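Residue numbers (the working numbering): 27 to 578. For reference, the structure is listed below as structure tokens.
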């Protein structure tokens, strides 16, 4: 199982560290990364994006998990919500950083088993400061806990495979099941994982099939178990109906807001909206706009669909996601590819099976996302760690070559220099990215709206034209409806009916003119003043200010 080493020269005996020394250094590094990740949050006083804790808050109140959510993620958020206040968004960011720091440990052990300590350390450092994963580290979302169990699954497999194949698959299956129960997007890994294992063990395919089935069974049991809260809440309903009802939702359908704008249009005005949408596509929109919108029509089954439309949309989505492999905001720009390419070459020379597995994981997962699920959103975080791993292999490869021509400088020293320079570059990229993200952050808006909602009565339901984290920060009821939907209902004279349906008592964040029209059309509805968004000012400590100066 161990990856073949890549020596180009005969190295002199070097000082080695024991495993426990590596673990101690790894723990210190993880603690240091928590501080580094949280530096922008401590500087600004809030994370750049509101933590994804709304569903956990809902579960803590109602005991039910929204059908389209990562169920185990909701349970974990609700569990930590017993100690972290729901409005303490900085504390939630710190929790996310701590979980991602913990994720670095199984990643390091897995890479060490496949390669060696140098590649394990370099890949772990790059993973921690790559812009793509720094963003994942500082805010609670559906990936926060899933990466931990994803790497635990891979690491358990490579560590146990030499001892017991069956035990390796069972253990890896349990961790992968937890990962998928947290973020079911990782279901897209299963076809390639299954195919790769059966091909690798094709000489004993019968035994391999039984082992693979056992691993899949573990994944399935844990995935189904994550539905337990909703199943138990359906009292008086036969179990076959409970299972059918809970499992009937389609995770392949995106949020209704992506096409219909708001829930009211989707639930009560869907037919009109779809007819108007198809009319605009045929009469007003051009080819480019139509092809960009096609994946949403496929997801919701709107209009005439065919294999040609599906393939065309898939190709469009797939091709348009290729550039993100080189973006500054994802992998730090083209500079990382100067090391990824040598890493690809040496992996091809030394262990093609591993290379084909890693590349196949990237390609097949993205093909499923684009051609089967028709998702447009970036999913590079699912497999971006593979690029980081290949870059680490490339750095060690280049260091070996340079050490051959500079006898007095060893491979480790050269690799350290390259990693340090690359790390400084990535820190600069992260600094610029967070400066831009905080410039356009909606968190100050959500904080201001939550404060303004306190002016409404306790039993009020406030309608806003926007979504945000203010529904978690405030104990007032909120719902949303786009301005265009409100104007359409005003023209039809059915706005009062829609407001009664949702129990709306107040409106907020609409223009003054539209708010006056709403109050005239629906007597009894009151308008709350719109908020004036001002970013919270925070005094920056001298040490933090000095660190920011060093980054600049």
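The beta carbon of each residue, even a glycine, is placed where N, CA and C say it ideally should be. On a predicted model such as this, the values are computed, not experimentally measured, just so you know.
Does the beta-carbon distance from residue 75 to residue 468 come in below 9 Å?
-> yes
Excluding five sequence neighbours on each side, which residues of the same chain lie with their C-beta closer than 6 Å to the C-beta of residue 349?
-> Counting only Cβ-Cβ distances below 6 Å, and skipping sequence neighbours, we find nothing.
DSSP beta-bridge partners of residue 54 = For residue 54, which the question treats as bridged, DSSP gives no partner whatsoever.
Comparing alpha-carbon positions, which option in 378, 301, 438 lies nearest residue 327?
-> 301
Pair within 9 Å by beta-carbon distance, residue 513 and residue 489 | no
Could you please give me the residues that DSSP links to residue 554 through a beta bridge?
-> 534
Is the segment 117-127 touching the segment 166-186 in the sense that three or more CB pairs, one from each, lie closer than 8 Å?
-> yes
Locate the beta strand (DSSP E) running through residue 506, then write down its first and last residues.
-> 503-506
Near residue 493, what residues of its chain come up, given a Cβ to Cβ distance below 6 Å and the 5 sequence neighbours on each side ignored?
-> 506
CB of residue 248 within 9 Å of CB of residue 204, strictly | Closer than 9 Å, so yes.
Residue ranges of each alpha helix (DSSP H) run of no fewer than 4 residues wholly in the segment 91-146, ordered along the chain?
-> 97-106, 115-140
Round the Cβ separation of residue 79 and residue 498 to the nearest angstrom and send it over; I've been treating them as touching at under 8 Å.
-> About 6 Å separates the two Cβ atoms, so the contact holds.
Do residue 192 and residue 240 have their CB atoms nearer than 9 Å?
-> yes
Classify residue 548 as helix, strand or coil using the three-state DSSP reduction.
-> coil
Using the rule of at least 16 other Cβ atoms within 10 Å of the residue's Cβ for burial, across every protein chain shown, is residue 465 buried or exposed?
-> exposed
Can you pull the DSSP bridge partners for residue 487?
-> 503
Are residue 134 and residue 156 close, meaning C-beta to C-beta below 9 Å?
-> no
Near residue 245, what residues of its chain come up, given a Cβ to Cβ distance below 6 Å and the 5 sequence neighbours on each side ignored?
-> 199, 202, 203
DSSP state of residue 368 mapped onto helix, strand, coil = helix
Beta-carbon contacts of residue 129 that lie in its chain and below 8 Å, excluding the five residues immediately before and after | 173, 174, 177
Does residue 181 have its Cβ less than 9 Å from a Cβ in chain B?
-> Judged by its chain identifiers, the structure shown contains no chain B, having just a single protein chain.
Beta carbon of residue 18, beta carbon of residue 440: below 9 Å?
-> Nothing can be reported for residue 18: it is not among the residues displayed for the chain, which extend from 27 to 578.
Out of curiosity, what's the CA-to-CA distance linking residue 552 and residue 101?
-> 37 Å
Which of helix, strand or coil DSSP assigns to residue 43 = coil
Anyone know if the C-beta pair for residue 437 and residue 426 falls short of 9 Å?
-> yes
Are the segment 413-428 and the segment 363-371 touching, with three or more C-beta to C-beta distances below 8 Å?
-> yes
Please report how far the alpha carbon of residue 275 lies from the alpha carbon of residue 289, in whole angstroms.
-> Unreliable placement is indicated for residue 275, whose pLDDT of 49 sits below 50; no coordinate value is reported for it.
How is the alpha helix (DSSP H) around residue 291 delimited, first residue to last?
-> 289-294
Please confirm whether residue 395 and residue 214 have their CB atoms less than 9 Å apart.
-> At the C-beta level, residue 395 and residue 214 come within 9 Å of one another.
Integer Cβ distance of residue 520 from residue 503, believed to fall under 8 Å = Contact doesn't hold; Cβ gap of about 22 Å is too wide.
State yes or no: is the C-beta of residue 152 within less than 9 Å of the C-beta of residue 448?
-> yes
If we count the other Cβ atoms within 10 Å of its Cβ and call it buried at 16 or more, is residue 159 buried or exposed?
-> buried
Who are the Cβ neighbours of residue 511 in its own chain at under 7 Å, not counting the five residues just before and after it?
-> So the list reads 287, 288, 290, 291, once near-sequence residues are dropped.
Give every residue of the same chain whose Cβ lies closer than 7 Å to the Cβ of residue 237, excluding the five residues on either side of it in the sequence, and list them in chain order.
-> 191, 192, 195
With respect to the alpha helix (DSSP H) encompassing residue 233, which residues constitute its N-terminal and C-terminal limits?
-> 231-251
Residue 86 versus residue 117: straight-line alpha-carbon distance, rounded = 18 Å
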